Amino acid sequence: MQRLPEQFFEHQTLELAEKLLGKIFVRRISDTVELKGRIVETEAYCGEFDEACHAWRGKTARNSMMFNKPGMLYVYFTYGNHYMLNIVSEPENIPGAVLIRAMEPVEGEAFMQKQRGTMVATALLSGPGKLTKAFAINGDCNGKDLFSSEFFLENAPEIPQNAIATGSRIGITKSRELQWRKYILNNPHVSKARGS
DNA sequence: AGCGTGATCTTT
DNA sequence: AAGATCACGCTG
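Numbering (the numbering used here), first residue to last: 1 to 196.
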């Protein structure tokens, strides 16, 4: 299976959010445990005109990874409980990232079930805080990249336009009007909107 | 529909 | 130094 090269990530953030749909996120935990998930939901966060983006007011200690090279991981901690996984986009020194909001389990389900404390397949990776817990991703992963033996993306067929849905990003209060959430239509592993 | 949880950012 | 916010998940 082909690994996606650095050039794959060199697209505008919103475009990358679409192109990531359907691709396989891989984490090698050990020689014997490999975890794989198919990306089914993403959100774009980009630059200084997007008030929901952590970097809209400029570089800080937390968001500095968003200014790094495309294909790196930006992982941050929020709500006192949860790590969020983002893939950095945009050229160096320009802030941008794609939040991975949901995946479909492909390999390593036993490990994911143990991490999450549930056997329900659609509950393993169907939210940004859930999937980091399932993949044992924490702050130590911030700044790693997708071109190593530990983390990489596998190529997979492009999702046709008529199977991609667009909407407002979930859980934010600012810039609600931007339709920067992308997800695969009718996929049961997409996260539920908050409050429903 | 309400709450836990703690880092980060803004305001004093 | 204090207060508000937060790209959430769980219980009920």
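Note that beta-carbon positions come from the ideal geometry of N, C-alpha and C, so glycine has one too.
In this text the structure is predicted, and so the values were computed from the model without any measurement.
Boundaries of the beta strand (DSSP E) in which residue i is found, first to last residue
{"i": "Glu43", "result": "34–46"}
{"i": "Ala163", "result": "Element bounds for Ala163: n/a, residue is neither H nor E."}
{"i": "Met84", "result": "82–88"}
{"i": "Pro105", "result": "96–107"}
{"i": "Thr78", "result": "73–78"}
{"i": "Leu131", "result": "Run containing Leu131: none in the beta strand (DSSP E); it sits in the alpha helix (DSSP H), 128–134."}
{"i": "Val26", "result": "24–28"}
Where residue i falls, given that 16 or more other Cβ within 10 Å makes a residue buried
{"i": "Met65", "result": "buried"}
{"i": "Tyr45", "result": "buried"}
{"i": "Ser148", "result": "exposed"}
{"i": "Leu178", "result": "buried"}
{"i": "Lys70", "result": "Checking the displayed sequence, the identity of residue 70 turns out to be Pro instead of Lys. When all chains shown are included, Pro70 counts as buried."}
{"i": "Gly108", "result": "buried"}
{"i": "Glu15", "result": "exposed"}
{"i": "Leu185", "result": "exposed"}
Unbroken alpha helix (DSSP H) run spanning residue i, endpoints
{"i": "Thr122", "result": "121–124"}
{"i": "Arg57", "result": "That residue, Arg57, is in no alpha helix (DSSP H); it is neither H nor E in DSSP."}
{"i": "Leu14", "result": "13–19"}
Close Cβ partners of residue i (< 6 Å) along its chain, the five nearest in sequence each way excluded
{"i": "Lys114", "result": "none"}
{"i": "Ala202", "result": "Only positions 1 to 196 of the chain appear in this structure, which leaves residue 202 out of reach."}
{"i": "Gly22", "result": "Ala156, Ile159"}
{"i": "Glu6", "result": "Gly71"}
{"i": "Asn138", "result": "Tyr83"}
{"i": "Tyr74", "result": "Met65, Met66, Asn86, Val88, Ala97"}
Same chain only: Cβ atoms within 7 Å of residue i, ignoring 5 sequence neighbours per side
{"i": "Gly167", "result": "Gln179, Arg181"}
{"i": "His189", "result": "Val40, Ala102, Met103, Glu104, Thr122, Leu125, Ser126"}
DSSP bridge partner residues for residue i (one or two, in chain order)
{"i": "Asp145", "result": "Met72"}
{"i": "Lys182", "result": "Thr42, Thr166"}
{"i": "Phe151", "result": "Arg27"}
Cut-off 8 Å between Cβ atoms - residues of its own chain near residue i, not counting five sequence neighbours on either side
{"i": "Glu34", "result": "Val26, Arg27, Arg28, Glu107, Gly108"}
Any non-hydrogen atom of the ligand FMN closer than 7 Å to residue i Cβ
{"i": "Ala156", "result": "With respect to the ligand FMN, the structure shown offers nothing to examine, as it has no ligands at all."}
Note to self: Quick check: the stretch 83–96 against the stretch 127–140, are at least 3 beta-carbon pairs closer than 8 Å?
What the structure shows: yes
Check: How about the stretch 117–131 and the stretch 47–61: do they share at least three Cβ pairs that are nearer than 8 Å?
Finding: no
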